[in-house]
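Beneath this line is the structure, given in structure tokens, with notes to follow.
Number of protein chains: 2
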Amino acid sequence: MKIALAQINPTVGDFQRNTEKICSFIDRAKNQGADLVIFPELAVTGYPPKDFLDIPAFVDENLKYLDKITRSVSGISAIVGFVDRNKRPQGKLVHNAAAFIQDKKIVSVHHKSLLPTYDVFDECRYFEPAHTISPVKFMDYILGISICEDIWNDEEFWTRPLYEVDPIENLISNGANLIINISSSPFAVGKHDKIRLRMLTHDAVKYKVPFIYVNQVGGNDDLVFDGNSTVINAQGVLIAQAAAFEEDLMIVDLENPAVHVSPRSCDPVETIHKALLVGLQDYVKKCGFKKVVIGLSGGIDSAVTAALAVQALGSDNVTGVLMPSQFSSQGSIDDAVKLARNLGIAHKIIPIEDVFGTYQNTLKAEFKGLPFDSTEENLQARIRGNILMALSNKYGYLVLTTGNKSELAVGYCTLYGDMSGGLALISDVPKTMVYELARYINREREIIPQNSIDKPPSAELKPNQFDQDTLPPYDILDGILKAYVEDAKGVDEIIRMGYDEKIVREIIKKVNRNEYKRQQAAPGIKVTSKAFGSGRRMPIAHNFMCE
Amino acid sequence: MKIALAQINPTVGDFQRNTEKICSFIDRAKNQGADLVIFPELAVTGYPPKDFLDIPAFVDENLKYLDKITRSVSGISAIVGFVDRNKRPQGKLVHNAAAFIQDKKIVSVHHKSLLPTYDVFDECRYFEPAHTISPVKFMDYILGISICEDIWNDEEFWTRPLYEVDPIENLISNGANLIINISSSPFAVGKHDKIRLRMLTHDAVKYKVPFIYVNQVGGNDDLVFDGNSTVINAQGVLIAQAAAFEEDLMIVDLENPAVHVSPRSCDPVETIHKALLVGLQDYVKKCGFKKVVIGLSGGIDSAVTAALAVQALGSDNVTGVLMPSQFSSQGSIDDAVKLARNLGIAHKIIPIEDVFGTYQNTLKAEFKGLPFDSTEENLQARIRGNILMALSNKYGYLVLTTGNKSELAVGYCTLYGDMSGGLALISDVPKTMVYELARYINREREIIPQNSIDKPPSAELKPNQFDQDTLPPYDILDGILKAYVEDAKGVDEIIRMGYDEKIVREIIKKVNRNEYKRQQAAPGIKVTSKAFGSGRRMPIAHNFMCE
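As they're listed, the protein sequences go chains V and A.
Heads up: the first sequence is residues 3 to 549, going by my numbering.
Heads up: the second sequence is residues 3 to 549, going by my numbering.
Shown next, in the form of structure tokens:
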């Protein structure tokens with residue numbers, strides 16, 4: 003049996019184009035002799051459709067387009083992810099579903115049993131779980147059709163399964179001898195190689211059946227889907243693997259796989275780099291932009307952001323803006339200019355001193371006798387934010403903010419200042435990883451000026467200011483942040499890891515108190531197991547570890 | 003039996019103070035001769051604790067403090083909401099629970115069965131549902147202890163129950179003859195009188211048992227809990243009702259209720275007004291602020307916001323700032339000054355013309371030959387935002403933004419401009435309701451200058467600009483917005499309500515395209531059945547009804 007894994011990049015709610023894409027992949031699969039073509043979870047609507055699922059007209063559109071797709075399936079069979087209505091008189095209104103289509107008809111519909119509701123996932127918010135699960139016969143196989151989370155609950159693989167039931171076990175015990183899983187499983191560093199592949203292999207060996215895993219690809223807001231669709235045979239051998247981070251149509255002859263496939267390199271820096279490019283490309287395109295603008299400070303964060311933007315969008319679509327003040331060092335200006343030249347991007351120099359001076363003059367009577375403090379520092383950052391937004395408004399550029407995760411965690415950033423923009427590209431990248439990305443970007447030649455990498459980081463908002471005046475060294479900060487934010491460890495546990503108690507308490511207090519800034523932050527691209535944003539929901543008004 | 007309903011206002015994660023408050027209410031109830039004192043859902047942690055529930059150290063603290071509370075209970079019994087650990091080896095780590103405490107011991111623990119996961123609720127994200135439900139004997143009664151959503155699934159009351167099981171039916175069929183429900187049920191206009199009271203009455207009559215309903219009170223971020231704790235007897239008669247929007251300790255002798263109680267007035271304008279005051283008070287206090295600052299434009303939105311702030315915080319704690327430009331009319335300046343005088347608040351006048359001129363000069367070469375457009379309009383709004391934030395930074399004021407729901411819906415507001423601030427007080431109040439609030443505030447004397455109410459609304463960012471140049475009249479706009487945002491109706495349905503097709507499509511497109519602004523908006527106080535913010539989660543990059 004020849005199976006086509008159609009690893010597509012849909013856009014949420016773009017039913018017309020998603021359907022055209024699905025139909026074209028069906029045609030291509032048929033032309034290549036496939037018996038069955040498989041699309042990802044919610045291929046018709048795009049994933050995640052979020053609260054559009056609460057609008058009945060959205061669900062109706064999805065069914066109308068599924069019908070169009072169904073009528074185009076002949077000479078091949080297809081499995082397509084869509085939103086099905088729940089026909090019972092109680093419960094949530096819809097199911098997360100897979101249609102199994104043959105000869106222009108839906109021959110069976112399969113509902114998702116396990117609905118992830120943690121981190122960035124909200125599926126219990128929308129979906130009714132499957133009421134029944136049944137395998138379905140196709141050619142020489144009995145297919146167990148499952149959806150994403152359905153394969154993530156094996157009691158042997160996980161130390162603590164999240165759900166009481168295991169739909170895969172159920173399908174197998176009802177005779178399935180080939181498990182198909184359609185997914186929209188977002189990227190996080192290490193997830194594919196360290197978890198997904200190991201889990202699929204474990205399950206194939208355990209049940210002695212092949213697993214076919216078809217994942218969505220592409221960026222949707224903060225999430226990047228990495229593709230990496232995979233076929234594992236009944237012996238647990240990886241026999242086919244689709245592209246990472248790109249659309250792909252991969253045909254696999256289950257009985258005669260071509261060659262043994264090695265799992266691809268999953269170097270953390272390389273995959274984060276790739277995820278950021280795809281996330282940026284798709285955010286820009288799916289939001290209807292073409293060009294971006296970035297404030298260049300001469301520091302490493304804006305340099306890495308600009309380099310990523312050029313790699314994702316091309317140098318013609320990136321503009322760098324230097325906005326020096328009286329506190330900017332000549333070295334920083336030189337580094338920023340050099341970066342722009344290395345990247346081949348247009349750059350503008352718009353000094354902020356006059357505007358800063360006029361603000362100070364306007365507020366002179368008001369602030370008379372009061373010292374220069376964070377007010378004036380923030381004001382400079384806000385002037386720069388305003389200038390970038392003015393360029394955005396005038397020319398239709400998307401502003402990329404340049405802050406990293408470490409800063410955002412402790413609030414070392416200015417709301418409506420350097421936080422102004424449509425996408426916070428590296429806001430889930432810890433500072434220590436920003437350095438690694440810079441070295442990776444420079445692996446063949448100097449793109450990011452070495453000086454931007456080597457010099458001690460500074461916000462340059464007052465004389466002789468350095469990040470480490472108010473923050474611990476970044477390797478210590480990032481270690482504590484990972485423990486608290488990603489691993490949800492408490493103070494005592496983190497201290498037992500070897501960190502200084504005073505620093506730990508101070509950092510956690512800063513993280514907890516700066517939630518108000520993060521709730522007004524631009525979306526970022528999730529690359530770690532726990533990003534700020536839709537996957538981490540904290541109260542602003544609270545008093546846990548704040549005093 | 004004498005029962006005390008302890009309607010308290012906890013702060014999320016403030017275990018020390020929440021526990022002190024609980025212990026003091028226990029003492030007071032005991033001193034008043036109560037046999038049983040009942041606290042709201044998650045009284046120990048405050049509600050909603052959100053992702054703090056994922057931090058084991060937070061759950062540990064809550065258990066430690068529950069233990070302190072338990073050891074203080076003697077000579078009275080108590081029911082206290084807390085977070086319990088799930089002892090099974092799979093599933094979510096915690097339960098939403100009620101401890102039934104007697105003689106310094108927890109005699110039984112009751113877990114929540116129905117976990118609301120829609121709108122602002124995320125309970126499936128954290129909690130494992132109850133595995134078993136049992137009533138418990140106390141004095142002459144068999145208590146059916148339930149938690150919030152557990153009472154919200156009666157198949158007779160609801161046309162479409164959300165869940166397959168009904169824990170109240172279960173408790174009754176197992177012998178319960180008194181239903182106790184501990185809640186943290188947030189305010190939305192009409193919810194208490196039109197839904198809760200009717201539902202409780204319906205259920206009491208249906209099962210012929212009394213219902214005791216104890217609700218949290220106070221504001222937590224975007225949510226306001228309205229209290230209104232209630233006792234309904236077995237005949238469906240309201241026999242006691244605690245305060246609305248205030249802490250209260252209400253003692254009810256179940257066998258000898260004092261008098262017949264009339265349901266209190268639930269006038270929409272009056273309750274929204276009260277909810278906004280409580281929401282503001284608690285946000286300011288629980289975030290550690292005392293004073294607020296508000297930009298006064300002379301328009302109705304900032305006038306209503308300032309009047310609410312004075313009523314909530316006192317005139318000494320409110321500062322108004324006029325920031326006129328060359329486009330500000332003398333009438334607007336006069337109206338703003340008059341408002342400040344009527345409210346007895348300090349006001350400052352900080353003109354923005356110089357800063358605006360310097361920005362234009364700084365950008366002159368860059369924007370040469372290009373016409374004045376929304377760039378320059380936004381710039382003015384952003385200068386004002388920066389000035390307010392400078393005052394905030396210098397003096398520790400919280401900035402209140404003044405935008406209403408209608409503007410936020412269609413994006414008629416400037417990101418990092420008039421959207422700058424810590425709390426968007428009236429961002430869930432449609433413009434037509436803003437007018438009603440203004441008239442309500444003026445019910446005894448003119449506080450908001452009549453001219454601010456009567457004049458056609460204008461942003462005054464360019465000459466002769468009026469809201470209705472680009473938006474339909476507000477009654478039409480608000481009608482369409484309610485249909486789309488609150489009632490999730492599609493285009494066709496809204497047109498069938500009598501609205502013009504072109505206007506409907508244009509408005510929905512604006513709502514869908516402006517999600518990026520709302521995702522960076524300050525939190526607002528939810529007063530309608532569907533507020534923007536945590537209860538409405540939409541993708542930014544999408545193409546549903548955008549073209």
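The beta carbon of each residue, even a glycine, is placed where N, CA and C say it ideally should be.
Quick caveat, the model's predicted, so the values are computed rather than measured.
Query	Result
Chain A contacts made by the stretch 529-545 of chain V, where a contact means CB separation under 8 Å	SER536, ARG538, ARG539, MET540, PRO541, ILE542, ALA543, HIS544 and ASN545
Cα-Cα separation, ASP469 of chain V to GLU462 of chain V	9 Å
Interface flag, MET141 of chain A vs chain V, CB-CB below 8 Å	no
Segment contact, 8 Å Cβ cut-off, at least three pairs: the stretch 453-460 of chain V with the stretch 358-376 of chain V	no
Any C-beta of chain V under 8 Å from that of ARG441 of chain A	no
Span of the alpha helix (DSSP H), counted from its first residue to its last, around LYS288 of chain V	270-288
Residue range of the unbroken alpha helix (DSSP H) whose run includes ASN172 of chain A	169-175
MET391 of chain A beta carbon less than 8 Å from that of ASN380 of chain V	yes
Entirely enclosed alpha helix (DSSP H) segments - the stretch 428-455 of chain A, minimum 4 residues	433-443
Closer than 8 Å at the beta carbon, the chain V residues around LYS52 of chain A	ARG539, MET540 and PRO541
Sub-8 Å separation of GLU125 of chain A and ASN98 of chain A beta-carbons	yes
Contacting residues, own chain, Cβ-Cβ under 8 Å from ILE542 of chain A (five flanking each side not counted)	GLU517, TYR518 and GLN521
Between the CA atoms of ILE527 of chain A and GLY281 of chain A - distance to the nearest angstrom	6 Å
6 Å Cβ shell around GLU409 of chain A - same chain, five flanking residues per side excluded	CYS415
Within-8 Å CB hit, MET391 of chain A to chain V	yes
Backbone CA spacing between GLY423 of chain V and ALA383 of chain A [nearest angstrom]	16 Å
Residue-chain proximity (LEU381 of chain V, chain A), Cβ-Cβ < 8 Å	yes
Cα-Cα separation, VAL239 of chain V to ARG200 of chain V	11 Å
Residues bridged to THR21 of chain V [DSSP beta-bridge criterion]	Its beta-bridge partners do not exist; DSSP assigns none.
Distance between beta carbons of ILE274 of chain V and VAL191 of chain V, contact taken as under 8 Å	6 Å
Min CB distance LEU164 of chain V to chain A below 8 Å	yes
Test item: CB-CB of PHE41 of chain A and VAL216 of chain A under 8 Å	yes
Stretch pair the stretch 150-160 of chain A + the stretch 73-86 of chain V: three plus CB contacts closer than 8 Å	no
Own chain, CB closer than 7 Å to VAL263 of chain A, minus 5 neighbours either side, in chain order	LEU240, ILE241, ALA242 and GLN243
8 Å Cβ cutoff met for ILE5 of chain V and ALA45 of chain V	no
For VAL412 of chain V and LYS532 of chain V, believed in contact at Cβ under 8 Å, the rounded distance	Between VAL412 of chain V and LYS532 of chain V the Cβ distance is about 16 Å, and since that is not below 8 Å, they are no contact.
Proximal chain V residues relative to LYS288 of chain A, where beta-carbon distance stays under 8 Å	ALA543, HIS544 and ASN545
Where the beta strand (DSSP E) containing ALA242 of chain A begins and where it ends	240-243
Cutoff 7 Å; reference VAL271 of chain V; Cβ partners in own chain excluding five residues on either side	GLU438, LEU439 and TYR442
MET3 of chain V to MET141 of chain V span [Cα, whole Å]	8 Å
Residue burial classification, ARG466 of chain A (beta-carbon count within 10 angstroms, cutoff 16)	For the sequence presented, residue 466 of chain A should be read as Asn rather than Arg. Exposed is the call here.
8 Å Cβ cutoff met for ALA178 of chain A and PRO137 of chain A	yes
Beta-carbon spacing of ILE233 of chain A, PRO188 of chain A below 8 Å	A quick correction: the sequence has Val, not Ile, at residue 233 of chain A. The answer is no: Cβ separation not under 8 Å.
Per-residue burial, HIS112 of chain A [other beta carbons within 10 Å of its own, 16 or more giving buried]	buried
Check whether PHE60 of chain V and PHE60 of chain A have beta carbons under 8 Å apart	no
Same chain, Cβ closer than 6 Å to PRO326 of chain V, five either side skipped, listed in chain order	ILE335 and PRO353
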